[in-house]
Structure formats: structure tokens, C-alpha cells
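Asker: I have a structure I would like to understand better, so I am pasting it below and will then ask my questions one at a time.
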Amino acid sequence: MLIKSVSLVPRSVLSHYPKVCIPLTSLLVGWGLVWLAKAVRKSIKRRGELPSGPWGLPLLGYLPFMKKHTYLQFDELAKKYGPLFRLKLGGCNVIVVSEWSHVKDAFANDALLARPEQTLFPGIIDHLSILEMSGEDWKEHRRLSMQILRSIGLTKSTLEIKVKEEINKFLELLGEGKPVDFGEIIGRSVSNNITILVFGHTYDYDDPAKTELDEHINTVFREYQFAGLLAFAPWLAKIYIALGKGNLDRIAEAVLYGDKFVQLEVDKHRAELNLDSDPVDYIDGFLKEMAKREEKRIPEGTFNLEVLKRNVVAFYGGGIETVASTMMWIMYYLVSYPDTQINIRQEIAQAIGFSRQPEYSDRSRMPYTMAFINEVHRMGSVLAVNLLRRASKDTYVGKYLIPKDTYVLFNFWSVHRDPKLFKDPETFDPTRFLSKDGTQLLKVPHLVPFSGGKRMCPGESLASMELFLYVTFIIQKFKIKVQPGSVISSEAEFGIARRPANLPPLIFEEVGECSCDHD
């Protein structure tokens, strides 16, 4: 049938068919070559715009070569490959930004506000917290969180009163005259400033359940360095979990305990929920938002109990770790440079005196104390590297292309040690933040202890108040020493935050007004 049907076509048409086919085929081939040339040219152009970086291994990328202190390794790689460099970690493309001008540009780039589309600990935690959310979910939770925190007094003097009450309890502990493991007790105190916000009350320092929670939170922060790298290769994390390797079982145990602890608080709040009153703490405000959405028949989305628990743990852990670690560095520099204690105490004598306790408003009259805290921020660099960001679309930082879904890290350690920004960056010198006559605190935009831009730490105002009040309350009352023969080391440990690894026990000696002018 096919042959017959073909025979019905006039020979005159068939005789022209090859002549038509050849130019059409040539045209298609030509189009294909042009498209291929454009694609190759575009690919070459994109490659030319990408930062350079080290090679890695198949599947694992550069993961096997990552060292304990990633910020130091990133600093060395930046010296070799430039202010932006890229590397493959597991299956993820990562770009590290190490120079302030580019970090500043990235802060202002809305395409770099997203987070990875997984939790910090994939396979252990299933629901994203506000720290890990992106897009509209993050905006909604950020808006609600700031609304609740303002409502319960984050920017009001009432919160300062609560913090001062907590510090006075803390001073009683320091005043016992015994050598103090400062790293242990500062966490207990700072955590009470956070529980006021999230739970609505504080805990005794020896409360067993709260003590265990703090220990578990500390485990998560200490073990994050390794577990965080596994987040770049979720398949490898699953193998480690199955084999019980890499301390991921300890993180899983800590997460489970945190869930149970917060769940008990949530249950108490639900039983006492009064929808007609203003929020008294974060849990109360979140539950009211859930009830409002249910009443208006708005889909719950991410406003559910699991996300509430994740947010509480995120606020709790983040609020403790940054302030406690910074306070440990403050103690390290106070005992390493005793003159700083004298200078701060002299400023207290002039601006406050010894008949009343410090107030946060006193900071405007205490430039040296504020400069000292700033220099600790710079040298300590508690947030040495930020939490991962993700490019939500193709974008540029300076001349460098950052393709969509690339992960981005800012190395704040490099910024804070950049000799172009800070003269003699390895020298501890609070006066670098003061005017020439020492009477004015200088604004230094490239000091970024709390990150920057729209994803700046939401607790920055509380943390800044805590640090000023803890420092001035302590120095007003005590002289800080180490035991004879103690070794003071600047060695750091690095999990999510950077803190002194071996801060020796400290001795707090009560002082009087006359101790300002001599050691």
C-alpha cells in the first residue's frame, strides 16, 4: 500500500523533493550551529564572570579538605583566589565573600536573602525555623517576631529592669570569692534574659531541667562545625546517622530534649491562653497568631506548633551563644590587658559614680567602654562566618556572577582583620574606635558583629544592652584576676560561634571607689 500511495504522487513533485530537502536541512544545521555558538559564548562569558577557586573530588568536592577553623582556611584561600572565591562542598556550589566592599554590596542584595531549602541538620530536624526560612515565610515570621518582641518590651525600659535584676543575681555568684568557671556560669545568666522573652519567666541557676537544656544547647553549638559541613552532602549525613558517627547522635538527642522542654512550656501557655490580652512572651504571641488565623480561616502554613518550637529553640540558642561567647572574650581581654579594667572603672567613676548602678543610657557618656566592647567584637569575631545564604536568582556582587541556588558565606573574620580597614589588625587597641581626643566613639560600618542588612541578627539591640550592662556592673564592683601560674590562651573553639577554648578560672575581688588609679 505504501508503494502504491507513493506512486500516486506526480514524478514532477518527487523530482524536486531532494532539492527542497537539502537547503532545509542546511538551514536547520546552520540554526543549530548558531545556537550552539551562542550557548558556548554565553557559557564562556559566565565562566569568566565566576570567581575562581580550588578543585575538589568527585561527589565530595572540597569537603575532605575542610579544616577545623573554617574562617582561617577561608582567609588563606581568599589570599590565593581573591576576595570572592568558589568551591564545591558535596553537591553544593559555594561562594565565600571576604572583602568588606563586596560584603556590603551583598548585604543590600535582596537576591541573597534566601537560606538553603533544608534545615541546619537535615535528617535530624524536619521543620525550618525563622533562622532557616526564606521568602514570604521568613518575612511573615520576622514581622510577627518583631511585633511580639516590641509588644513585650524589647525596646522598652521594662526589659532593661529585668536584665539588671538578672545581673544582680549573677554578681552574687561572682562575689563568693572562689575561682569561677566563667564560661559555665555566664550561660546560665544570659539564658534567663532569653527565657523572659520566650517563656515569660526565669529559672534558678541550679534548676535541673533548665541546666540539662543548656548543656544540650551547648552540645549543638559545639558540634555544629562538623554537622554543618555534612549539610552540604545530606546523603553522607544519613550514612553517618545510620552508623552513629560524627556525634550526630548527640545532636539528635539534644534536639529531642529541646523539643520536650519547649513542648511543656507550650502546653502551659495553651492552658492559660487569654486571647483578649496583649502577649506576655513569644510563645503567647505566637499562639495568639495561630488562633487569629484559625478564626479567620487563614491556612496555617508555617504557623503551627512544630515551627513554634523550632523558633523558640532558635531564639534561645542564638540569644545565649552570641552574648555568652562575647562575654568570655571580654573576660579574656580584661585579664590579658589589665589597664582596660582601670580605664573602664575610671570612666564609670566619672559618668556614673559608685552610689548607683549603671543604666544603658550611660553608654553615651562612656566612649572608652563602648570602644573596648567594639574591639572585643572585632578581635573575638564571635560570628566569624555567617549562616548560609542562598542566591534566589542569578545575581552579581561587584563584577562576580553568583548563579541561582549558589550558597554564599561571608567571612567576617577576614573583614575584621583586614589591614586596609584596621591598622595593625592583630593588635588589641580599643582607641582605634575613638576620636583623636578620646571623647567620641567613632562609627565604623565595617565592624559587623551581628551581620548586616535585612538578615541582621534580630536580637542585636538586646545583645548590645546586655554586653554594656554586664561589663559596667562587673567592673564597677570587681577587679578581675586569674590564679597565679594560670596560662591565658587566645586559642579559640569554633562551632556556630567562636569562643575562647581555655579561659582559666577567674577571681573576682570586690573593689572600692579608690581603686581607679592603680592596679
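Sequential numbering of the sequence shown, starting at 1, is according to UniProt numbering. Glycine included, each C-beta is placed from N, C-alpha and C at the ideal position.
Using a Cβ-Cβ cutoff of less than 8 angstroms, which residues in the same chain neighbour residue 358 once the five nearest sequence positions on both sides are dropped?
Answerer: Here the set comprises 348, 352, 468, 469, 472, 473, 476.
Asker: Among 82, 186, 337, which residue has its Cα nearest to the Cα of residue 479?
Answerer: Considering only alpha carbons, the answer is 337.
Asker: Am I right that residue 150 and residue 388 are in contact with their C-beta atoms under 8 angstroms? What's the rounded C-beta distance?
Answerer: 28 angstroms between Cβ atoms; not a contact.
Asker: Could you check the C-alpha separation between residue 44 and residue 147 for me, to the nearest Å?
Answerer: Only weak support exists for where residue 44 lies, its pLDDT of 48 falling under 50; the coordinates are left without a value.
Asker: Could you check if residue 132 is buried or exposed, using at least 16 other CB atoms within 10 Å of its CB as the buried criterion?
Answerer: buried
Asker: Can you tell me which of the three DSSP states residue 213 falls into?
Answerer: helix
Asker: Does the segment 85-102 touch the segment 61-74, meaning 3 or more C-beta pairs lie closer than 8 angstroms?
Answerer: Yes, since at least three Cβ pairs between the segment 61-74 and the segment 85-102 fall closer than 8 angstroms, the two stretches touch.
Asker: Are residue 191 and residue 206 closer than 7 angstroms when you measure CB to CB?
Answerer: no
Asker: So, with DSSP's three-state summary, where would you put residue 390?
Answerer: Of the three classes helix, strand and coil, the one that applies to residue 390 here is strand, per DSSP.
Asker: Can you give the Cα-Cα distance for residue 510 and residue 409, rounded to whole angstroms?
Answerer: Cα to Cα, residue 510 sits roughly 44 angstroms from residue 409.
Asker: Going by the beta-carbon positions, is the gap between residue 129 and residue 293 smaller than 7 angstroms?
Answerer: no
Asker: Just checking my contact of residue 520 with residue 382 at CB under 8 angstroms: how many whole Å lie between their CB atoms?
Answerer: This structure leaves residue 520 out entirely; the chain is present only between 1 and 519.
Asker: Assuming contact is defined by CB atoms lying nearer than 7 angstroms, are residue 422 and residue 379 in contact in what I supplied?
Answerer: no
Asker: To the nearest angstrom, how far is the alpha carbon of residue 260 from that of residue 368?
Answerer: 44 angstroms
Asker: Hey, could you find the ends of the beta strand (DSSP E) residue 107 is sitting in?
Answerer: Membership of residue 107 in any beta strand (DSSP E) is not indicated; the residue belongs instead to the alpha helix (DSSP H) covering 100-107.
Asker: Tell me, please, whether the segment 388-401 touches the segment 97-104 by the rule of three or more beta-carbon pairs shorter than 8 angstroms.
Answerer: Counting C-beta pairs closer than 8 angstroms gives three or more between the segment 388-401 and the segment 97-104, which meets the contact rule.
Asker: Please state whether the Cβ-Cβ distance between residue 371 and residue 441 is less than 7 angstroms.
Answerer: yes
Asker: Taking the alpha-carbon positions, what's the residue 273 to residue 307 distance?
Answerer: 18 angstroms
Asker: From 71, 49, 412, pick the residue whose C-alpha is nearest to that of residue 451; which is it?
Answerer: 412
Asker: Apply the 10 Å Cβ neighbour rule to residue 98 and answer buried if 16 or more other Cβ atoms are within range, or exposed otherwise.
Answerer: By the beta-carbon neighbour count (other beta carbons within 10 angstroms, threshold 16), residue 98 is buried.
Asker: Using the C-alpha atoms, what's the distance from residue 210 back to residue 249?
Answerer: 21 angstroms
Asker: Would you identify the three-state DSSP class for residue 410, choosing helix, strand or coil?
Answerer: strand
Asker: To the nearest angstrom, how far is the alpha carbon of residue 53 from that of residue 66?
Answerer: 14 angstroms
Asker: For the 8 angstroms Cβ check, are there 3 or more pairs between the segment 327-335 and the segment 489-505?
Answerer: yes
Asker: Looking only at its chain, what residues have a beta carbon closer than 6 angstroms to the beta carbon of residue 290, apart from the 5 residues adjacent to it on each side?
Answerer: 303
Asker: Whose C-beta lies closer than 8 angstroms to the C-beta of residue 439 among residues of the same chain, with five residues either side of it excluded?
Answerer: 367
Asker: Residue 486 by DSSP, collapsed to three states: which one?
Answerer: coil
Asker: Is the beta carbon of residue 74 closer than 7 angstroms to that of residue 506?
Answerer: no
Asker: Quick one, are the C-beta atoms of residue 187 and residue 320 less than 7 angstroms apart?
Answerer: Going by C-beta atoms, residue 187 is nearer than 7 angstroms to residue 320.
Asker: Considering only the beta carbon of each residue, do residue 393 and residue 111 sit closer than 7 angstroms?
Answerer: yes
Asker: Since residue 265 contacts residue 283 with CB under 8 angstroms, what's their CB separation in whole angstroms?
Answerer: 6 angstroms
Asker: Buried or exposed, going by whether 16 or more other CB atoms sit within 10 Å of the CB of residue 456?
Answerer: When all chains shown are included, residue 456 counts as exposed.
Asker: First and last residue of the beta strand (DSSP E) that includes residue 142?
Answerer: From DSSP, residue 142 is part of no beta strand (DSSP E) but of the alpha helix (DSSP H) over 135-151.
Asker: Which stretch, first to last residue, makes up the beta strand (DSSP E) that contains residue 493?
Answerer: 492-494
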